[in-house]
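Chemist: Got a structure for you, written out below as structure tokens; questions coming shortly.
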Amino acid sequence: MRENIQKELDEVTKTVETTISKTTDRIARPVQDTLFKRFPVAVTLVVVFGITAVTYGTELIFDKIPFLTNNPIILVLCGIFALSITGKLYQKLG
219 MRENIQKELD EVTKTVETTI SKTTDRIARP VQDTLFKRFP VAVTLVVVFG ITAVTYGTEL
279 IFDKIPFLTN NPIILVLCGI FALSITGKLY QKLG
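According to the numbering used here, the residues represented by the sequence shown are 219 to 312, in order.
Shown next, in the form of structure tokens:
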């Protein structure tokens, strides 16, 4: 009985997710296409600004941590570890 309820709940969840995804894609896609086609330089500059701001901000944060500033190899190893963890999570979710 409990398995049947769980199966039905999974089916409903999947249907809702699919419907939301399709609706969002249908509504957002034309706006995304229009914005990028109308303002390619502006959109590109905003994306570059965002990436640069996050990178520079992260660098400033790490500069304030003496342990990481004095041991850059540990910082690199922490970065590699973080990337491997996110990669494993991505594989499990996909």
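Each residue gets a CB set at the ideal place from its N, CA and C atoms; glycine is no exception.
1. Write down the C-beta distance between residue 280 and residue 295 rounded to the nearest angstrom, noting that I regard them as a contact closer than 8 Å.
2. How about residue 265 and residue 254: do their beta carbons lie closer than 7 Å?
3. Measure the alpha-carbon distance for residue 220 versus residue 234 and round it to whole angstroms.
4. What did DSSP end up calling residue 283 once you bin it into helix, strand or coil?
Modeler: Inspection of the coordinates gives the following:
1. Position 62 of the sequence shown holds residue 280. Position 77 of the sequence shown holds residue 295. Not confirmed; about 13 Å, so no contact.
2. Locating residue 265 in the sequence shown gives position 47, counting from the first residue. Locating residue 254 in the sequence shown gives position 36, counting from the first residue. The answer is no: Cβ separation not under 7 Å.
3. Here residue 220 corresponds to residue number 2 of the sequence shown, with the count starting at 1. Here residue 234 corresponds to residue number 16 of the sequence shown, with the count starting at 1. Using only the alpha carbons, I get a separation of about 21 Å.
4. On the sequence shown, position 65 is the one that residue 283 refers to. Reduced to three states, the DSSP call for residue 283 is coil.
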